[in-house]
């Protein structure tokens, strides 16, 4: 009997100890000291705008970012947004072998050079990129701001970024990007950024209204003004901007298969000038034209001129080979007196991929201003953008 009681007591103590362990696992630890990057604890409630998120990849990490019920949390990346501040953090971002062993300053500079290379800078207006600043032996940061054009709003939007790259003592490398858009900024934007600065132990400075001031102080170029004041027309691989007041003329458009005409007087047949766009399949690829030498381009231009002269019964034709551009292989044709004395046709031919795009203008009334037509077509070509 005593042996059975002793055994029961031992079993009872074992059960109690197991329950005790289980209770400790479920216990919520109250965190009172503000955590910083590298201190992987959850439960801190002292932030007004930040919440804890956990990366559960190969290197688990607890990170405090803007509180967002729709935040993306992956194995190595978190993206969250609140009060107009979007924060993206990457753990151990991918780097080429060439850059993996470089200093932090060089790594961040490489990232900026890649993201804002010459190929992409044409998409940004008033682009400003700061020098990469060394904060400590293990952290660097840089600031970027620019304007982007919104076709729907016919106005510019401002974007501000702060890039922060830090390597912890345990070897974890974090890339942090903070972003603010002018159309989503709120009165609390600065407060969110200030709290992020406390957590990352650095000074993220964002001045409220900075982006709107940048928009208000920007002076658009002629091409940009054309985009802002014109009607946006999808045109194959491009967007073109037709000046305000010019409307599609269905009467003329129906006469030319594949062509679309625009006139100041809408569908009226009494037009002094018309704009036209047309798309055709090309024989071959624009890359073949792009590989032509200057001499070969000249020969190509002369052959094209001769073909147009035959088509228009020996009229005066002049071509200009612009060669390979960011829009494609481009050349122009200027044909005078094509529909009677004083009339003319001025066209840009853009060979891109397996298509040929034509953008041009015609004067259908003798005595119309020739320079006005050329200037108008030049402006439309110059302001057009690749989609």
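Residue numbers (this note's numbering): 1 to 387.
Glycine included, each C-beta is placed from N, C-alpha and C at the ideal position.
The continuous beta strand (DSSP E) containing residue 273 extends over residues 273-281.
For residue 311, the secondary structure class from DSSP, reduced to helix, strand or coil, is helix. C-alpha of residue 304 to C-alpha of residue 237: approximately 24 Å in a straight line. Distances from the alpha-carbon of residue 136 to those of 117, 167, 224 put 167 closest.
Counting along the chain, residue 226 sits inside the alpha helix (DSSP H) bounded by residues 222-229. DSSP lists 280, 351 as the beta-bridge partner residues of residue 356.
Around the beta carbon of residue 255, fewer than 16 other beta carbons sit within 10 angstroms, so the residue counts as exposed. Just so you know, the alpha carbons of residue 213 and residue 338 end up roughly 51 Å apart. Look at residue 338 here: in three-state DSSP terms it is strand.
With a cutoff of 7 Å on beta-carbon distance, residue 268 and residue 260 are scored as not near each other.
Sequence-distant Cβ neighbours of residue 164 in its own chain, meaning closer than 6 Å and more than five residues away, are 141, 176. Straight-line measurement puts the Cα of residue 320 at about 18 Å from the Cα of residue 288.
For the segment 157-196, there is no continuous alpha helix (DSSP H) assignment of 4+ residues that stays within its boundaries. Cβ contact annotation for residue 281 (same chain, cutoff 7 Å, sequence separation greater than five): 354, 355, in chain order.
Residue state for residue 99 is assigned as helix, using DSSP reduced to three classes. A buried status is given to residue 111, since no fewer than 16 other beta-carbon atoms sit within 10 Å of its beta-carbon.
Shown here, residue 111 sits in a helix according to DSSP, grouped into three states.
Apart from sequence neighbours up to five positions away, the residues of its chain that approach residue 46 with a beta-carbon distance below 6 Å are 34, ordered along the chain. Counting along the chain, residue 260 sits inside the beta strand (DSSP E) bounded by residues 259-263.
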